[in-house]
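What follows is a short report on a single structure.
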Amino acid sequence: DSMYPALKRGDAIILEKVDKGNRNTLKKGMIVAYEQDGQIVTHRILTIEMQNGKEYIITKGDNNSTKDVQKKTKDDIIGIVRLRIPYLGYPSVEISEIKNK
């Protein structure tokens, strides 16, 4: 629920893969996906800032009160959210919850 209301529990998303060809199109406000601790996280780009000559992407879930602790590089971003399909993901949510009990 970290991206509520833009993305709701049970929504499926379609990602555009990020590669060398479109990596430089990443900008503030985009919803992107990245891997963290073995899971895919989908959050919004809050800012892109330069530190020591390197670009870092700061992300945050829309429904979270604070920005994400870990900074990402453009290489860390695996996809840009291009489409949301309401309710299509509910079966996988249910299976995941049963599996984790």
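So for the sequence shown, our numbering puts the first residue at 346; every next one is plus one. Glycine residues also receive a C-beta, built at the ideal position from the N, C-alpha and C atoms.
Can you list, in chain order, the residues of its chain with a C-beta nearer than 8 Å to that of Lys372? Leave out the 5 residues immediately preceding and following it.
Ile390 and Ile393
State the CB to CB distance for the pair Met348 and Ile385, rounded to an integer number of angstroms; the pair is presumed to be in contact (CB under 8 Å).
Contact doesn't hold; Cβ gap of about 12 Å is too wide.
Rounded Cβ spacing between Thr387 and Val414 (contact assumed at less than 8 Å):
Incorrect: roughly 17 Å between the Cβ atoms, too far for contact.
For the alpha helix (DSSP H) holding Tyr435, just list the boundary residues, first then last.
Tyr435 to Lys444
Indicate whether Ile443 and Leu360 have their beta-carbon atoms separated by less than 9 Å.
no
Inter-residue spacing [alpha-carbon to alpha-carbon] between Ala351 and Tyr379:
17 Å
List the DSSP bridge partners of Gln396.
Lys399
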